[in-house]
Amino acid sequence: MRNVTKRFPGVVANDSVDLTIESGEILGLLGENGAGKTTLMNILYGLYSADEGEILVDGAVTKFDDPGDAIAAGIGMVHQHFMLVPVFDVTENVVLGVEPTVGPVGTIDMTEARREVQEISTQYRLEIDPSATVEDLPVGIQQRIEIIKVLFRDAEIIVFDEPTAVLTPQEVEDFFGIINGLKESGKGIIFITHKLGEILEIADRIAVLRRGKVVGEVVPAEATEEQLAEMMVGRPVDLVVEKEDADPGEVVLSVTDLLVRDDRQHTAVDRVSFEVRSGEIVGVAGVQGNGQTELVEALTGLTVPLSGMIHLGGENVTLVSPRFMHRNSVAHVPEDRQRSGLILDFDVAENLVLNSYYDEPYSHGIRMDWDYAHQHADQLIDQYDIRTPSSTVKVSSLSGGNQQKLIVAREFSRDTKLIIASQPTRGIDVGSIEYVHARIVAERDAGAAVLIVSSELDEILALSDRILVMYRGRIVAEVTGGEATATELGLYMAGLST
Amino acid sequence: MSDEGTEAKENKEPKEPRWVERVAPKNVDWSSLAVIPFLAVFSALVVGAVFIIFTEGLGSVLPAYGALLRGAFGGWNSISETLLVATPLIFAGLAVALGFQAGLFNIGAEGQMTIGGLTAVIVGISFEGLPAVIHLPLALAAGFVGGALWGFIPGVLRAKTGAHEVITTIMLNFIAFRILDYILKQPFTQAEGRFDPISKDVLESARLPRILTWLPVEGVEMLRLNLGFILALAVAWIVYWILFKSTIGFEFRAVGANPDAAKYGGMAVTSAIILVMVLAGGLAGLGGSNETLGVLGRAFPGFTAQIGFDAIALALLGRSHPGGVVLSAILFGALRVGGRAMQVETDVGIDLIIIIQALIIVFVAAPELVRAIYRIKGGEEARQLTRGWST
Amino acid sequence: MTAVAGTADFVRAPAEIRRARILGIVYLLLATVVFLFFAVGTEGDVTFRLGDQPGDLDFTVSAQVLATFTAVVFAFLGGIQLTKGFGAKTNVVLAIAIGLFAFSFLGWAAAGKSLSLIGMLGTTVALAAPIAFGALSGVMCERVGVINIGIEGMLLTGAFTGAVVGTVMSPLFGILGAAIAGGLMALALAVLAIKYRVDQIIAGVVINIFALGLTSFLSSQFLVENASGLNNPGVLGPIRIPLLAEIPVLGRILFDQNIFIYVMYLLVAGMTYGLFKTRWGLQSRAVGEHPKAADTLGINVFRRRYINVFLGGLIAGFGGAYFTLGSVGAFNENMTAGRGFIGLAAMIFGRWHPVGALGAALVFGFADSLQVKLGILDTGIPSEFLLSAPYLVTIIVVAGVVGKARPPAADGQPYIKE
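Protein chains in written order, with my numbering: chain A, 94 to 591; chain B, 620 to 1010; chain C, 107 to 524.
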């Protein structure tokens, strides 16, 4: 890729990027959230078109108008969010777009298709059932389907976008085995990540992207995590969160035998019991989809548990509403800020009173006091360093980091007895991550009980005083913060050790 | 931990008074707020002209539109008629707009008007001897309740079973028409000596009084504009207040914009949906009552005259804002009144108005189309106002 | 709200289960209604005629027995629904139950008389046809993720064009013209929904209003003055399929109909095969379920959507011609009277599947023909209530079913490609 530039309204996502990849090589592409990695790869894959620059395959300039062209040129991509049709079976997903057909009306030859899928599965040792429905399969297997899809189209260059985000440490090891195998069979691999350790382990060469520019290329043997982090962020980064030892006080949250079902009536949280005390941070580790979402929903009153008890400061709050929890000083940073934490069409002030609008001083009876709400918003904007032109701007125009700061401001600016924060730093830049982490620690030091749910193991390890590991709806381990290692937690997260 | 960061506030440079920013926020996109609707109406009239040329020839365009304009605004009587016709449109438009604000597509205004107009008539023909100060409000209240009931049904179905309001409200429209036919044939309601479904005349004490009787106009006995128009303006203001100044309205809008976030914010999504449909139905019911207690003075099949459907177009044109609805309703009232004049004076049929209204929706709902035609840059995207089948 | 004291051990009723329970209770209520109203105090036998002439193929049963039997079946269904449920078969069971209810109702209404069932079933198929075309049009569009509320307008346009072209040229050209007119309406919908990303439901409503305005306008400008020259196409007669039409009972109902009905059969078969066995179908469904995934595999999402929505429009336009060329014989303003919306409900009831859509359309067609029949029988039930029956059935179906059936995942969402 030569001199590739892509502009979006207001930002230059890629700025004159040059990148090369050879066959039989793993190129690591490192950059923090919003650095332009995914945009760059989407250009390579024909999903976006570059404003400037060109792509050369085997020395020839090529132009990709859509992914079909890229596929034809031997480029394959495993997207961060899997591109699988959930209701289709494995084979249908693999052959989609290049179906083997017979007859005049394009009848799909499913027998032949299944045979070919089976063949690739055996050849690359990617074990799979060609006729299983995708939505019933675990994410690790779904990733395999994505790889088979790419191989089915005879790709020579394969791009993996944040492939390890959904895997346990053990699954990551398996996955590394697979891509090393692909590398040996002569494929060129581009591995996109923001995780420093992984890239040092697997890549042959590392390119670092910052604000759309390639700021350096290094060989893993000559680089350290600190160096890479500095290149990635542009300033020295403290990889550890500064905090004192915890001084746990009385029990704030107590959960007993909690049983929660998900929308499909499957048991998501399976008789879980634990406590969180004031002045401590309890981290819930686990691969996504092991019941953390439902646990948080039950704790915050968003779903009603099937059985079990939840006590807040000694009071039974099992069946109360989100409003009750809120009024009783429970702060909730939701897992998906755009889906449930914010109303993107509403302005900053409206979002800042989203869950307190019904109380004084924001409203009197049914009359909203918007003047007060805007004053309040101006204060929080200053205090929490939310970068916005004013409190009357729609939050959709704010960056991810500032949206998250807005939620933190809304939740932490009140009395907080208990903080429940789900994926508090997902998809935001390093500066905002540091800010959010510091705020959480400050709240703990001021006496709040904190429950952090995160699928980022590094985050859990950095923040937690105590760590609970969730696997298939159960808490399979409890370890003390300072003593845990990623490997140990990984074993629990994969259910290999109890 | 609730610290009041007052000192941080004082450091800031002096700003314009808060109300200035609120009345005219700097980030308002005027092109989408005012320019697009204007161009939408203009474009629709241009395309309408093409239909006139196609059917009646080029020479008919100016006479037809001239007749339309004169019919709508050429004199006190025309203006009175335009506002008279605009009145039920305001009510019905508010019913649709309120739904849009809460993410609900109320196609049932027509049926809600039918039932509301009917219940108002039932009260209006009963209680002989009741003073007007009691009888009229009672009849209007009955109209509100009737419409509210007809909004409650799809509201509950949507909230509790996920049945999409678009389908249920359309079906309830058809059912409402049948109910109207049936009730109007009952001895209690049917006009004496009639065998077709038509109601008795509403008692004078339940009629909406005319308000421009003092204005002498030549050739017309008495201007027909009645109290309903004032009532409609008042109701529009109330709806505005509820939507933008009250906690209930905040909930409605939040549920419409992002139901997940509304739930997170401690709002009761299902009751909000039901309440919105009840209020919307009630508003449409008032629109129906306005007709039966006002200009018509009785109920008969089809008295709603497609007003509930026009309401969809004008709610979109008015950006689902009560103020916008009032202006759009007056425009649509003008189209209807002027359309009649157009039909009488030239050979162009009044159904052209329906085409023009459909085109107005197209242009308003697809701002990019208007921008492409008039080469306006930037601005907002088409909005997704409704939700698909799944809940 | 105060906290609930004591134990929190309880079982909640999620929406799914609640809905199943409601349906179960409805069955039980219907059982009671059927027993109290149709069985108790009803006397006389009812004769259902299955042959062309009285006495050909008669089936006589005591109305009371029939109603009692129905009540028992409903109670039984209610019991199962409340305990273990019918799972994926719920819709089918519901459809059969509606049919059975209708029968006992008929038995009660016609007690002591005889009733031409074969005529009624023939009418059912005929009345189901426009609904089925609407539903199939919906399936076509929604399988690629475009909600088509504009079916009503496309039917109306088809009806108008069919009448005019059918009169001026010939009925066959009328059919062709109707299909193309429906297709053009669908293209308008497609451009609004796909290119300009207008809210699809609003775009569909626009199509409906526009079609209503256009056909009414043109009709009042031209057709009224010159009905014989422009609006007098005549009705296409039934075509007897040799051999198949000789099958007792069914032959008369299914194979002695006009061309629309046969096209309907072919369409259902063709669409089922096409959607689930061919490359076109797989790619179309992928676009409706996960357009981004389809796009990343080089499938042109926009083209797929345009083509299928256009095909959907052809189907609806063709179905619209049924109103003028297949049954009434002339165009009247707004003559589709909501059939397009009922078609939409049939599509949902039929779970976005061509066969299901046809089945659902037959249920609605039956409700329609029932209303026609009961009007003749003079049961004392006001005709207004009978006329409401199809609409009521639609509401019940949508309320009882929609939560369970799963629409294509990307239905109604515009696809945005950078």
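In this text, a Cβ means the ideal position worked out from N, Cα and C, and glycines have one as well.
Check whether residue i and residue j have beta carbons under 9 Å apart
i: Leu842/B; j: Leu834/B; result: yes
i: Met453/C; j: Ala241/C; result: yes
i: Thr229/C; j: Asp484/C; result: no
i: Ile726/B; j: Val311/C; result: yes
i: Leu759/B; j: Gly319/C; result: no
i: Val426/A; j: Ile500/A; result: yes
i: Ala899/B; j: Val874/B; result: no
i: Leu950/B; j: Val660/B; result: yes
i: Leu791/B; j: Pro806/B; result: no
i: Ala424/A; j: Thr509/A; result: yes
i: Leu405/A; j: Val488/A; result: no
i: Tyr302/C; j: Arg411/C; result: no
i: Leu302/A; j: Ala128/A; result: yes
i: Gly305/A; j: Ala106/A; result: yes
i: Gly766/B; j: Arg826/B; result: no
i: Leu388/A; j: Ser366/A; result: no
i: Thr738/B; j: Val704/B; result: no
i: Ala686/B; j: Ala855/B; result: no
When the options are compared against residue i, the one with the closest alpha-carbon
i: Thr411/A; options: Leu395/A, Lys288/A and Lys306/A; result: Leu395/A
i: Ala258/A; options: Gly327/A, Ile213/A, Gln173/A and Pro179/A; result: Gln173/A
i: Ala165/A; options: Val488/A, Phe175/A, Thr393/A and Gly139/A; result: Gly139/A
i: Lys280/A; options: Val377/A, Glu118/A and Asp338/A; result: Glu118/A
i: Gly444/C; options: Ile482/C, Tyr412/C, Leu493/C and Gly465/C; result: Leu493/C
i: Leu206/C; options: Phe180/C, Leu388/C, Val304/C and Phe266/C; result: Phe180/C
i: Gly169/A; options: Lys336/A, Asp182/A, Phe253/A and Leu289/A; result: Phe253/A
i: Gly191/C; options: Met226/C, Arg125/C and Leu136/C; result: Arg125/C
i: Gly506/C; options: Ile671/B, Gly781/B and Ser697/B; result: Gly781/B
i: Ala187/A; options: Arg246/A, Arg218/A and Val377/A; result: Sequence check: residue 187/A is Val here, not Ala. Cα-wise, what sits closest to Val187/A is Arg246/A.
i: Gly244/C; options: Thr500/C, Ile359/C, Leu163/C and Trp458/C; result: Trp458/C
i: Glu315/A; options: Gly305/A, Ile299/A, Arg303/A and Met325/A; result: Ile299/A
i: Ala417/C; options: Asp401/C, Ser334/C, Gly357/C and Ala294/C; result: The question names Ala, but residue 417/C in the sequence shown is Leu. Among Asp401/C, Ser334/C, Gly357/C and Ala294/C, the Cα nearest to that of Leu417/C belongs to Ala294/C.
i: Gly376/A; options: Arg432/A, Leu554/A, Ala466/A and Ala206/A; result: Leu554/A
For residue j and residue i, believed in contact at Cβ under 8 Å, the rounded distance
i: Ala309/C; j: Gly394/C; result: So it is not a contact: roughly 17 Å between Cβ atoms.
i: Phe536/C; j: Thr442/C; result: This structure cannot speak to residue 536/C, because chain C is shown only from 107 to 524.
i: Leu582/A; j: Ile560/A; result: 7 Å
i: Gln516/A; j: Ser484/A; result: With 8 Å as the limit, Gln516/A and Ser484/A do not qualify as a contact, their Cβ atoms being about 26 Å apart.
i: Gly735/B; j: Leu905/B; result: 7 Å
i: Ile718/B; j: Val895/B; result: It should be pointed out that residue 718/B corresponds to Gly in this sequence rather than to Ile. Confirmed, Cβ separation roughly 6 Å.
Neighbour flag for residue i against chain F, beta carbons, 9 Å
i: Glu248/C; result: No chain F is part of this structure, whose protein chains are labelled A, B and C.
* Of all the beta strand (DSSP E) runs that stay within the bounds of the segment 409-497 of chain A, which reach a length of 3 or more residues? -> 423-426
* Asked: Enumerated in chain order, which unbroken segments of the alpha helix (DSSP H) with a length of 4 residues or greater are wholly contained in the segment 174-229 of chain A?
  -> 183-188 and 203-216
* **Contained alpha helix (DSSP H) runs [length at least 4] in the segment 262-329 of chain C, N- to C-terminal order** => 277-296 and 306-324
* Touch test, the segment 174-181 of chain A against the segment 396-405 of chain C, Cβ-Cβ under 8 Å, three pairs minimum -> yes
* If we count Cβ pairs, one from each stretch, closer than 8 Å, do we get three or more for the segment 699-712 of chain B versus the segment 917-937 of chain B? -> yes
* **Length at least 4, wholly inside the segment 137-208 of chain C: the alpha helix (DSSP H) runs in chain order** => 169-189
* With contact counted as at least three CB pairs below 8 Å, one residue from each stretch, are the segment 692-699 of chain B and the segment 332-344 of chain C in contact? -> no
* Asked: Three or more beta-carbon pairs under 8 Å between the segment 132-152 of chain C and the segment 214-226 of chain C, yes or no?
  -> yes
* To do: Ignoring anything shorter than 4 residues or poking outside the segment 265-304 of chain A, list the alpha helix (DSSP H) runs there in chain order.
  => 289-295
* To do: Please go through the segment 306-383 of chain A and give each complete alpha helix (DSSP H) segment of 4 or more residues, from N-terminal end onward.
  => 318-326
* Asked: If you scan the segment 106-148 of chain A from start to end, which runs of the beta strand (DSSP E) of 3 or more residues do you find wholly inside it?
  -> 119-123
* To do: Entirely within the segment 434-522 of chain C and at least 4 residues each: give me those alpha helix (DSSP H) ranges in chain order.
  => 445-455, 460-483 and 489-507
* Do the segment 155-162 of chain A and the segment 217-236 of chain A meet, that is, are 3 or more Cβ pairs less than 8 Å apart? -> no
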